[in-house]
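Since the structure comes first, as structure tokens, the remarks are kept for the end.
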Amino acid sequence: MRLKMKDFVLLALLTALYIIVYFVAMMIISLMGPFGHAISPGVCGLLSGAILIFISRKIGKMWQFTLMELIIMGVFALMGAGYLPWFITSMIGAVLADVIASTSNKPSVLKVAIASG
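In this note's numbering, the protein residues as written are 3 to 119.
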């Protein structure tokens, strides 16, 4: 199935929500110092996991995670955090996530969790 314009708009809005949740969580966790840095991937996964599930259930098409990651990497590049190896590995991971999660219209939570890393 191909992505339609409404899918692009919804994906852009949900990606913006994902980025906001990510930044707010990281601001709070940064106050914990090194311990916060150690637990930040888990906290981000817990808070943003609902958004990823919603994206996969509502859109459920190939390239949804790749486009989302492309937007996220664009935001980080605009902030000066663009790092080519990070971009390359993130895009490879996003394509793999699309391959895993887009095998069915409504993937299970386990499939989305595996696809999300």
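Positions of the beta carbon are idealized from the N, C-alpha and C atoms, including for glycine. Fair warning: this is a prediction, and the values are worked out from it, not measured in the lab.
If you measure between the beta carbons of residue i and residue j, is that distance less than 8 Å?
i: Ile1; j: Thr17; result: Residue 1 lies beyond the residue range present for the chain, which begins at 3 and ends at 119; the question has no answer from this structure.
i: Met70; j: Ile55; result: no
i: Leu49; j: Ala27; result: yes
i: Met64; j: Asp100; result: yes
i: Met75; j: Ser92; result: yes
Shortest alpha-carbon distance to residue i belongs to which of the options?
i: Met7; options: Pro36, Gln66, Leu48 and Val114; result: Gln66
i: Ile102; options: Ser92, Ala115 and Met93; result: Ala115
i: Val11; options: Val45, Lys60 and Ser32; result: Lys60
i: Phe25; options: Phe78, Pro109 and Ser104; result: Phe78
i: Ile31; options: Val23, Gly84, Ser42 and Ile21; result: Ser42
i: Leu112; options: Ala96, Gly76, Gly51 and Gly95; result: Gly51
i: Thr68; options: Gly82, Val97 and Pro87; result: Val97
i: Gly47; options: Ile21, Ser104 and Ala14; result: Ile21
For residue i, collect the residues of the same chain with a Cβ closer than 8 Å to its Cβ; drop the 5 residues on either side in sequence, then sort them by chain order.
i: Asn1; result: The structure shown does not extend to residue 1, since the chain is modelled only from 3 through 119, so no value can be given for it.
i: Gly84; result: Met75 and Phe78
In chain order, what residues of the same chain have a beta carbon less than 6 Å from the beta carbon of residue i, not counting five sequence neighbours either side?
i: Ser118; result: Leu54
Quick one: what's got a C-beta closer than 7 Å to residue i's C-beta in the same chain, skipping five residues either side?
i: Leu19; result: Ile53
i: Gly38; result: Ile31 and Ser32
Legend entry - Continuous alpha helix (DSSP H) assignments of at least 4 residues falling wholly in the segment 15-103: The segment 15-103 is shown to contain whole alpha helix (DSSP H) runs of 4 or more residues at 36-60, 66-80 and 86-103, in chain order.
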